[in-house]
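Input: a single structure, listed below in C-alpha coordinates.
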Amino acid sequence: MKKFWKWFLIVVGVLLVIDIGAGMYFFHTAEVRDKKSFISNDAKITKNDPLLKQKTWYKNVKKENWSMTSATDNLKLKAYYIPAERPSDKTVILAHGFLQSKDGEGGPAAMFHELGYNVLAPDDRAHGDSQGKLIGYGWTDRRDYIKWMNKLLKIKGSHQQLVMYGVSMGGATTMMVSGEPDVPTQVKAYIEDCGYTSVEDEITYQAKSMYNLPKWPLVPTVSLISKIRAGYDYSEASSLKQLAKNKKPMLFIHGSKDTFVPTKMVYQLYDATKGPREKYIVKGAGHAESLQTDYPRYKRTVEQFLNRYME
74 MKKFWKWFLI VVGVLLVIDI GAGMYFFHTA EVRDKKSFIS NDAKITKNDP LLKQKTWYKN
134 VKKENWSMTS ATDNLKLKAY YIPAERPSDK TVILAHGFLQ SKDGEGGPAA MFHELGYNVL
194 APDDRAHGDS QGKLIGYGWT DRRDYIKWMN KLLKIKGSHQ QLVMYGVSMG GATTMMVSGE
254 PDVPTQVKAY IEDCGYTSVE DEITYQAKSM YNLPKWPLVP TVSLISKIRA GYDYSEASSL
314 KQLAKNKKPM LFIHGSKDTF VPTKMVYQLY DATKGPREKY IVKGAGHAES LQTDYPRYKR
374 TVEQFLNRYM E
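Using my numbering, read the sequence shown as starting at 74 and increasing by one per residue.
Given below as C-alpha coordinates:
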(Lines of atoms letter the chains of each structure in order from A and count residues from 1; the text may use other names and numbers.)
(Lines give C-alpha, C1' and ligand atoms only; values in the text may rest on other atoms or scores of the structure.)
Protein backbone atom coordinates (compact mmCIF):
# COMPACT_ATOMS: atom_id res chain seq x y z
CA MET A 1 0.00 0.00 0.00
CA LYS A 2 2.82 2.41 0.86
CA LYS A 3 4.41 1.67 -2.50
CA PHE A 4 1.12 2.46 -4.26
CA TRP A 5 0.78 5.84 -2.54
CA LYS A 6 4.38 6.63 -3.25
CA TRP A 7 3.92 6.07 -6.98
CA PHE A 8 0.52 7.79 -6.91
CA LEU A 9 2.05 10.94 -5.43
CA ILE A 10 4.93 10.79 -7.92
CA VAL A 11 2.48 10.58 -10.84
CA VAL A 12 0.35 13.40 -9.43
CA GLY A 13 3.46 15.51 -8.90
CA VAL A 14 4.65 14.91 -12.45
CA LEU A 15 1.23 15.75 -13.88
CA LEU A 16 1.11 18.90 -11.77
CA VAL A 17 4.52 20.01 -13.01
CA ILE A 18 3.45 19.34 -16.61
CA ASP A 19 0.20 21.27 -16.08
CA ILE A 20 1.97 24.29 -14.56
CA GLY A 21 4.63 24.22 -17.28
CA ALA A 22 2.00 24.06 -20.01
CA GLY A 23 0.04 26.80 -18.24
CA MET A 24 3.06 29.11 -18.18
CA TYR A 25 3.69 28.45 -21.88
CA PHE A 26 0.10 29.21 -22.88
CA PHE A 27 -0.05 32.25 -20.60
CA HIS A 28 2.96 33.63 -22.46
CA THR A 29 1.30 32.81 -25.78
CA ALA A 30 -1.98 34.44 -24.79
CA GLU A 31 -1.02 37.43 -22.66
CA VAL A 32 2.65 38.39 -22.85
CA ARG A 33 3.45 41.14 -25.35
CA ASP A 34 5.30 39.49 -28.21
CA LYS A 35 4.92 38.58 -31.86
CA LYS A 36 2.49 35.71 -32.34
CA SER A 37 2.68 33.25 -35.21
CA PHE A 38 -1.09 32.67 -35.30
CA ILE A 39 -2.15 36.26 -36.03
CA SER A 40 -0.86 39.11 -38.17
CA ASN A 41 -0.28 42.60 -36.83
CA ASP A 42 0.91 43.95 -40.16
CA ALA A 43 -0.71 47.31 -40.98
CA LYS A 44 0.75 47.51 -44.50
CA ILE A 45 -1.62 48.60 -47.27
CA THR A 46 -1.89 46.41 -50.36
CA LYS A 47 -3.21 47.50 -53.76
CA ASN A 48 -5.96 44.88 -53.78
CA ASP A 49 -7.27 45.84 -50.32
CA PRO A 50 -11.03 46.59 -50.53
CA LEU A 51 -10.39 49.42 -48.06
CA LEU A 52 -7.42 50.89 -49.95
CA LYS A 53 -9.01 54.33 -50.24
CA GLN A 54 -9.92 54.50 -46.56
CA LYS A 55 -6.58 53.21 -45.31
CA THR A 56 -4.60 55.51 -47.60
CA TRP A 57 -6.57 58.49 -46.30
CA TYR A 58 -5.88 57.42 -42.73
CA LYS A 59 -2.19 56.99 -43.35
CA ASN A 60 -1.86 60.50 -44.76
CA VAL A 61 -4.35 62.49 -42.68
CA LYS A 62 -2.97 64.84 -40.04
CA LYS A 63 -3.32 63.36 -36.58
CA GLU A 64 -2.95 64.82 -33.12
CA ASN A 65 -0.86 62.69 -30.75
CA TRP A 66 -2.49 62.30 -27.37
CA SER A 67 -1.19 60.55 -24.26
CA MET A 68 -2.25 59.76 -20.70
CA THR A 69 -1.42 57.37 -17.87
CA SER A 70 -3.48 54.21 -17.51
CA ALA A 71 -6.39 54.08 -15.10
CA THR A 72 -5.16 51.40 -12.70
CA ASP A 73 -1.36 51.69 -12.83
CA ASN A 74 1.24 54.05 -14.22
CA LEU A 75 1.56 52.96 -17.85
CA LYS A 76 1.87 55.64 -20.51
CA LEU A 77 -0.79 55.20 -23.17
CA LYS A 78 -0.90 56.78 -26.62
CA ALA A 79 -3.68 57.72 -29.04
CA TYR A 80 -4.44 59.54 -32.29
CA TYR A 81 -7.10 62.22 -32.48
CA ILE A 82 -8.51 63.29 -35.85
CA PRO A 83 -11.00 66.18 -35.94
CA ALA A 84 -13.98 65.98 -38.26
CA GLU A 85 -13.76 67.80 -41.58
CA ARG A 86 -16.35 70.28 -40.27
CA PRO A 87 -16.70 71.20 -36.57
CA SER A 88 -18.67 68.45 -34.86
CA ASP A 89 -19.73 67.52 -31.35
CA LYS A 90 -19.86 63.81 -32.30
CA THR A 91 -16.81 61.66 -31.54
CA VAL A 92 -16.13 57.95 -31.92
CA ILE A 93 -13.67 56.12 -29.68
CA LEU A 94 -12.14 53.18 -31.55
CA ALA A 95 -10.96 49.99 -29.82
CA HIS A 96 -8.56 47.84 -31.86
CA GLY A 97 -8.07 44.08 -31.90
CA PHE A 98 -5.57 41.65 -30.42
CA LEU A 99 -1.99 42.58 -31.43
CA GLN A 100 -3.32 45.42 -33.56
CA SER A 101 -2.83 49.15 -32.93
CA LYS A 102 -4.11 52.63 -33.71
CA ASP A 103 -2.10 52.51 -36.95
CA GLY A 104 -4.38 49.77 -38.27
CA GLU A 105 -7.64 51.64 -37.69
CA GLY A 106 -7.88 53.08 -41.21
CA GLY A 107 -11.12 51.38 -42.20
CA PRO A 108 -13.35 52.35 -39.28
CA ALA A 109 -11.65 55.72 -38.78
CA ALA A 110 -12.36 56.71 -42.39
CA MET A 111 -15.93 55.43 -42.18
CA PHE A 112 -16.73 57.52 -39.12
CA HIS A 113 -14.90 60.52 -40.56
CA GLU A 114 -17.08 60.24 -43.67
CA LEU A 115 -20.09 60.26 -41.34
CA GLY A 116 -18.92 63.54 -39.80
CA TYR A 117 -17.34 62.27 -36.58
CA ASN A 118 -14.18 63.21 -34.76
CA VAL A 119 -12.05 60.13 -34.17
CA LEU A 120 -10.07 59.08 -31.09
CA ALA A 121 -8.00 55.94 -31.68
CA PRO A 122 -6.00 54.74 -28.63
CA ASP A 123 -3.38 52.02 -28.39
CA ASP A 124 -4.33 49.52 -25.70
CA ARG A 125 -1.81 48.72 -23.00
CA ALA A 126 0.83 46.30 -24.35
CA HIS A 127 -0.02 47.34 -27.92
CA GLY A 128 1.37 49.84 -30.42
CA ASP A 129 3.08 52.81 -28.80
CA SER A 130 1.52 52.27 -25.38
CA GLN A 131 3.50 50.79 -22.51
CA GLY A 132 2.76 47.47 -20.84
CA LYS A 133 3.87 43.85 -21.05
CA LEU A 134 0.59 42.03 -20.41
CA ILE A 135 -2.44 41.98 -22.70
CA GLY A 136 -5.75 42.68 -20.97
CA TYR A 137 -8.22 41.24 -23.53
CA GLY A 138 -10.44 44.26 -22.90
CA TRP A 139 -10.82 43.67 -19.18
CA THR A 140 -7.96 45.78 -17.85
CA ASP A 141 -8.44 48.10 -20.83
CA ARG A 142 -12.06 48.94 -19.99
CA ARG A 143 -11.02 51.36 -17.27
CA ASP A 144 -8.47 52.98 -19.58
CA TYR A 145 -11.15 53.68 -22.19
CA ILE A 146 -13.36 55.39 -19.64
CA LYS A 147 -10.39 57.55 -18.70
CA TRP A 148 -9.83 58.36 -22.40
CA MET A 149 -13.50 59.40 -22.63
CA ASN A 150 -13.18 61.72 -19.65
CA LYS A 151 -9.97 63.20 -21.07
CA LEU A 152 -11.72 63.82 -24.37
CA LEU A 153 -14.64 65.54 -22.64
CA LYS A 154 -12.28 67.71 -20.61
CA ILE A 155 -10.37 68.85 -23.70
CA LYS A 156 -13.21 69.12 -26.22
CA GLY A 157 -16.09 69.99 -23.91
CA SER A 158 -18.85 68.20 -22.04
CA HIS A 159 -21.28 68.88 -24.90
CA GLN A 160 -19.63 66.07 -26.90
CA GLN A 161 -21.73 63.04 -27.87
CA LEU A 162 -19.71 59.84 -27.83
CA VAL A 163 -20.00 56.43 -29.42
CA MET A 164 -17.60 53.54 -28.79
CA TYR A 165 -16.75 51.10 -31.57
CA GLY A 166 -14.47 48.06 -31.51
CA VAL A 167 -13.54 45.00 -33.57
CA SER A 168 -12.60 41.54 -32.21
CA MET A 169 -10.82 42.13 -28.88
CA GLY A 170 -11.93 45.73 -29.37
CA GLY A 171 -15.51 44.54 -29.69
CA ALA A 172 -15.17 42.70 -26.38
CA THR A 173 -13.57 45.81 -24.87
CA THR A 174 -16.55 47.87 -26.02
CA MET A 175 -18.98 45.47 -24.36
CA MET A 176 -16.90 45.32 -21.18
CA VAL A 177 -16.93 49.12 -21.00
CA SER A 178 -20.71 49.16 -21.41
CA GLY A 179 -21.29 47.47 -18.06
CA GLU A 180 -19.25 49.90 -15.98
CA PRO A 181 -21.25 52.14 -13.63
CA ASP A 182 -19.29 55.33 -14.31
CA VAL A 183 -19.33 55.48 -18.10
CA PRO A 184 -19.82 59.17 -19.01
CA THR A 185 -23.44 60.06 -19.73
CA GLN A 186 -22.25 61.53 -23.04
CA VAL A 187 -21.80 57.98 -24.40
CA LYS A 188 -24.94 57.51 -26.48
CA ALA A 189 -24.35 54.10 -28.09
CA TYR A 190 -21.95 51.21 -28.65
CA ILE A 191 -21.02 49.22 -31.75
CA GLU A 192 -19.19 45.91 -31.38
CA ASP A 193 -17.91 43.82 -34.28
CA CYS A 194 -17.03 40.13 -33.72
CA GLY A 195 -16.27 40.37 -30.01
CA TYR A 196 -16.22 37.27 -27.79
CA THR A 197 -18.57 36.27 -24.97
CA SER A 198 -15.75 36.03 -22.41
CA VAL A 199 -12.00 35.54 -22.30
CA GLU A 200 -12.62 32.10 -20.79
CA ASP A 201 -14.88 31.09 -23.70
CA GLU A 202 -12.45 32.40 -26.32
CA ILE A 203 -9.33 30.83 -24.77
CA THR A 204 -11.21 27.53 -24.36
CA TYR A 205 -12.29 27.69 -28.00
CA GLN A 206 -8.79 28.49 -29.22
CA ALA A 207 -7.23 25.71 -27.10
CA LYS A 208 -9.50 23.25 -28.88
CA SER A 209 -9.30 24.87 -32.33
CA MET A 210 -5.54 25.48 -32.46
CA TYR A 211 -4.13 22.74 -30.22
CA ASN A 212 -6.96 20.20 -29.90
CA LEU A 213 -6.78 20.53 -26.11
CA PRO A 214 -9.71 20.28 -23.68
CA LYS A 215 -10.63 23.04 -21.25
CA TRP A 216 -9.55 21.06 -18.19
CA PRO A 217 -7.06 21.33 -16.65
CA LEU A 218 -5.20 23.77 -18.92
CA VAL A 219 -7.56 26.78 -19.12
CA PRO A 220 -8.21 27.00 -15.36
CA THR A 221 -4.45 26.82 -14.78
CA VAL A 222 -3.71 29.61 -17.28
CA SER A 223 -6.56 31.62 -15.78
CA LEU A 224 -5.05 31.25 -12.31
CA ILE A 225 -1.66 32.38 -13.61
CA SER A 226 -3.38 35.37 -15.22
CA LYS A 227 -5.01 36.24 -11.90
CA ILE A 228 -1.63 36.19 -10.17
CA ARG A 229 0.35 37.99 -12.87
CA ALA A 230 -2.17 40.19 -14.67
CA GLY A 231 -4.76 40.76 -11.94
CA TYR A 232 -7.76 39.08 -13.57
CA ASP A 233 -9.01 35.58 -14.23
CA TYR A 234 -10.70 34.55 -17.43
CA SER A 235 -14.19 33.99 -16.03
CA GLU A 236 -14.50 37.53 -14.64
CA ALA A 237 -13.44 39.05 -17.98
CA SER A 238 -16.89 38.52 -19.44
CA SER A 239 -18.71 40.51 -22.09
CA LEU A 240 -21.89 38.64 -21.21
CA LYS A 241 -21.79 39.72 -17.56
CA GLN A 242 -21.05 43.32 -18.52
CA LEU A 243 -23.84 43.44 -21.10
CA ALA A 244 -26.27 42.32 -18.40
CA LYS A 245 -25.58 45.69 -16.75
CA ASN A 246 -25.75 47.76 -19.94
CA LYS A 247 -28.86 49.77 -20.75
CA LYS A 248 -27.56 51.81 -23.67
CA PRO A 249 -28.04 50.98 -27.37
CA MET A 250 -25.72 48.34 -28.85
CA LEU A 251 -25.24 47.27 -32.46
CA PHE A 252 -23.83 43.75 -32.77
CA ILE A 253 -21.97 42.89 -35.99
CA HIS A 254 -20.47 39.53 -36.93
CA GLY A 255 -19.34 37.71 -40.04
CA SER A 256 -21.31 34.58 -40.93
CA LYS A 257 -18.07 32.70 -41.67
CA ASP A 258 -16.12 33.69 -38.56
CA THR A 259 -14.14 30.73 -37.24
CA PHE A 260 -11.79 32.66 -34.93
CA VAL A 261 -14.51 34.11 -32.73
CA PRO A 262 -17.33 31.76 -33.74
CA THR A 263 -20.46 33.40 -35.10
CA LYS A 264 -22.66 31.64 -32.55
CA MET A 265 -21.26 33.94 -29.85
CA VAL A 266 -23.02 37.00 -31.28
CA TYR A 267 -26.43 35.50 -30.58
CA GLN A 268 -25.56 34.96 -26.92
CA LEU A 269 -24.26 38.52 -26.69
CA TYR A 270 -27.34 39.95 -28.38
CA ASP A 271 -29.58 38.17 -25.88
CA ALA A 272 -27.50 39.34 -22.90
CA THR A 273 -27.73 43.12 -23.27
CA LYS A 274 -30.45 45.03 -21.44
CA GLY A 275 -30.48 48.07 -23.70
CA PRO A 276 -31.90 48.69 -27.20
CA ARG A 277 -30.17 46.31 -29.59
CA GLU A 278 -29.68 45.55 -33.25
CA LYS A 279 -27.88 42.74 -35.02
CA TYR A 280 -26.13 42.72 -38.41
CA ILE A 281 -24.70 39.43 -39.73
CA VAL A 282 -22.45 39.98 -42.75
CA LYS A 283 -22.89 37.09 -45.14
CA GLY A 284 -19.64 35.38 -46.15
CA ALA A 285 -17.39 37.48 -43.91
CA GLY A 286 -14.62 35.86 -41.88
CA HIS A 287 -13.19 37.18 -38.65
CA ALA A 288 -12.82 40.97 -38.59
CA GLU A 289 -13.64 41.07 -42.32
CA SER A 290 -17.18 42.44 -42.23
CA LEU A 291 -16.22 46.05 -43.00
CA GLN A 292 -14.17 45.11 -46.05
CA THR A 293 -16.70 42.51 -47.24
CA ASP A 294 -19.51 45.02 -47.82
CA TYR A 295 -18.33 48.53 -46.96
CA PRO A 296 -21.34 50.44 -48.36
CA ARG A 297 -23.93 48.37 -46.48
CA TYR A 298 -21.81 48.25 -43.33
CA LYS A 299 -21.47 52.03 -43.33
CA ARG A 300 -25.17 52.48 -44.04
CA THR A 301 -26.12 50.12 -41.20
CA VAL A 302 -23.87 51.99 -38.74
CA GLU A 303 -25.21 55.37 -39.90
CA GLN A 304 -28.85 54.33 -39.57
CA PHE A 305 -28.24 52.86 -36.13
CA LEU A 306 -26.48 55.96 -34.82
CA ASN A 307 -29.06 58.32 -36.31
CA ARG A 308 -31.58 56.82 -33.89
CA TYR A 309 -29.56 57.75 -30.83
CA MET A 310 -27.25 60.67 -31.65
CA GLU A 311 -28.83 64.10 -31.48
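Beta carbons are placed, not taken as given, at the ideal position from N, Cα and C, and that holds for glycine.
Does the structure place the stretch 142-149 close enough to the stretch 165-180 that three or more beta carbon pairs sit under 8 angstroms? At 8 angstroms Cβ cutoff, the stretches do not touch.
Who pairs with E351 in a beta bridge, going by DSSP? In the sequence shown, the residue the question calls residue 351 occupies position 278. Answer is L324, bridged to E351.
Straight-line Cα distance separating K281 from I91: Start at 1 with the first residue of the sequence shown, and residue 91 comes out as number 18. Start at 1 with the first residue of the sequence shown, and residue 281 comes out as number 208. With a pLDDT of 49 at I91, under the threshold of 50, the modelled position of this residue cannot be trusted, and the question is left open.
Exposure label - D214; buried when at least 16 CB within 10 Å: Looking up residue 214 in the sequence shown gives position 141. Burial call: buried.
Provide the residue span of the alpha helix (DSSP H) that contains T277, from first to last. Residue numbering aside, residue 277 sits at position 204 when the sequence shown is read from its first letter. Run containing T277: 272-284, per the alpha helix (DSSP H) assignment.
contact_flag[the stretch 162-169, the stretch 182-202] where n(CB pairs < 8 angstroms) is 3 or more: Judged by Cβ distances under 8 angstroms, the stretch 162-169 makes contact with the stretch 182-202, as three or more pairs qualify.
Limits of the beta strand (DSSP E) - the one that L235 falls within: Sequence index remark: in the sequence shown, residue 235 carries index 162 (1-based). 234-240 is the span of the beta strand (DSSP E), which, as asked, contains L235.
As a quick exercise: from S161, A182, G268, E158, pick the residue whose alpha carbon is nearest that of A152. Position 79 of the sequence shown, counting from 1, holds the residue named residue 152. For the residues S161, A182, G268, E158, the minimum Cα distance to A152 belongs to A182.
Have a look at the DSSP bridge pairing and note the partners of I166. Indexing the sequence shown from 1 puts residue 166 at position 93. Bridge pairing for I166: L193, M237 [DSSP].
Residues of its chain near V407, where Cβ-Cβ distance is below 7 angstroms and the 5 sequence neighbours each way are ignored: Not covered by the structure: residue 407. The range shown for the chain is 74 to 384.
Thinking C-alpha only, which one of A262, Y284, S311 is nearest G348? For the purposes of this step, residue 348 is taken as the residue at position 275 of the sequence shown. For G348, the nearest C-alpha among the options comes from A262.
Please state if the CB of L286 and the CB of L313 are separated by a distance shorter than 8 angstroms. Counting from one through the sequence shown, the residue named residue 313 turns up at place 240. Counting from one through the sequence shown, the residue named residue 286 turns up at place 213. No, these two residues do not count as a Cβ contact at 8 angstroms.
So what's N138 in DSSP terms, helix, strand or just coil? On the sequence shown, position 65 is the one that residue 138 refers to. N138 carries a strand assignment under DSSP once its states are collapsed to helix, strand and coil.
I need the straight-line Cα distance from E137 to P123, nearest angstrom please. Stepping through the sequence shown from its first residue, residue 137 is reached at position 64. Stepping through the sequence shown from its first residue, residue 123 is reached at position 50. For E137 and P123, the distance between alpha carbons rounds to 26 angstroms.
Neighbourhood of Q204 by C-beta, 6 angstroms cutoff - its chain only, sequence neighbours within 5 removed: The count along the sequence shown starts at 1 and reaches residue 204 at position 131. Cβ-Cβ distances below 6 angstroms link Q204 to L148, K149 in the same chain, with the five nearest sequence neighbours on each side left out; the list follows chain order.
Have a look at W221 and K227 and give me their C-alpha separation to the nearest angstrom. Translated into the one-based positions of the sequence shown, residue 221 becomes position 148. Translated into the one-based positions of the sequence shown, residue 227 becomes position 154. Cα to Cα, the separation comes out at about 10 angstroms.
Whole-angstrom distance between Y190 and K126, CA atom to CA atom: Within the sequence shown, residue 126 is the residue found at index 53, counting from 1. Within the sequence shown, residue 190 is the residue found at index 117, counting from 1. Distance between the alpha carbons of K126 and Y190 is about 18 angstroms.
Kindly give me the distance between the Cβ atoms of L316 and M248, rounded to whole angstroms, as I take these residues to be in contact under 8 angstroms. Counted from its first residue, the sequence shown places residue 316 at position 243. Counted from its first residue, the sequence shown places residue 248 at position 175. The pair is a contact, with the Cβ atoms about 6 angstroms apart (cut-off 8 angstroms).
Could you tell me if D217 is buried or exposed, where buried requires 16 or more neighbouring beta carbons within 10 angstroms of its beta carbon? Here residue 217 corresponds to residue number 144 of the sequence shown, with the count starting at 1. By the C-beta density criterion, D217 is buried, having at least 16 other C-beta atoms within 10 angstroms.
For F378, which of helix, strand or coil comes out of DSSP? In the sequence shown, counting from the first residue as 1, residue 378 sits at position 305. Helix at F378.
Please state the DSSP three-state secondary structure of E265. Start at 1 with the first residue of the sequence shown, and residue 265 comes out as number 192. Reduced to three states, the DSSP call for E265 is strand.
Quick one: grab the DSSP three-state call for K288. Your numbering for residue 288 matches position 215 in the sequence shown. Of the three classes helix, strand and coil, the one that applies to K288 here is coil, per DSSP.
Hey, could you find the ends of the beta strand (DSSP E) Y210 is sitting in? The count along the sequence shown starts at 1 and reaches residue 210 at position 137. Careful: Y210 lies outside any beta strand (DSSP E) and carries neither H nor E.
Is V260 helix, strand or coil when you go by DSSP? Position 187 of the sequence shown, counted from the start, is the residue given in the question as residue 260. Residue state, collapsed to three classes: strand.
Work out the CA separation of N223 and S161 for me, nearest whole Å. Translated into the one-based positions of the sequence shown, residue 161 becomes position 88. Translated into the one-based positions of the sequence shown, residue 223 becomes position 150. Roughly 18 angstroms between the two C-alpha positions.
Count the C-beta pairs between the stretch 285-305 and the stretch 317-328 that are closer than 8 angstroms, then say yes if the count reaches three, no if not. No contact exists between the stretch 285-305 and the stretch 317-328.
What is the rounded straight-line gap between the Cα of V295 and the Cα of H360? Position 222 of the sequence shown, counted from the first residue, corresponds to residue 295. Position 287 of the sequence shown, counted from the first residue, corresponds to residue 360. When rounded, the distance between both Cα atoms is 25 angstroms.
With burial defined as no fewer than 16 other Cβ atoms inside 10 Å of the residue's Cβ, what is the status of M283: buried or exposed? Here the question's residue 283 lines up with position 210 in the sequence shown. Under this definition M283 is an exposed residue.
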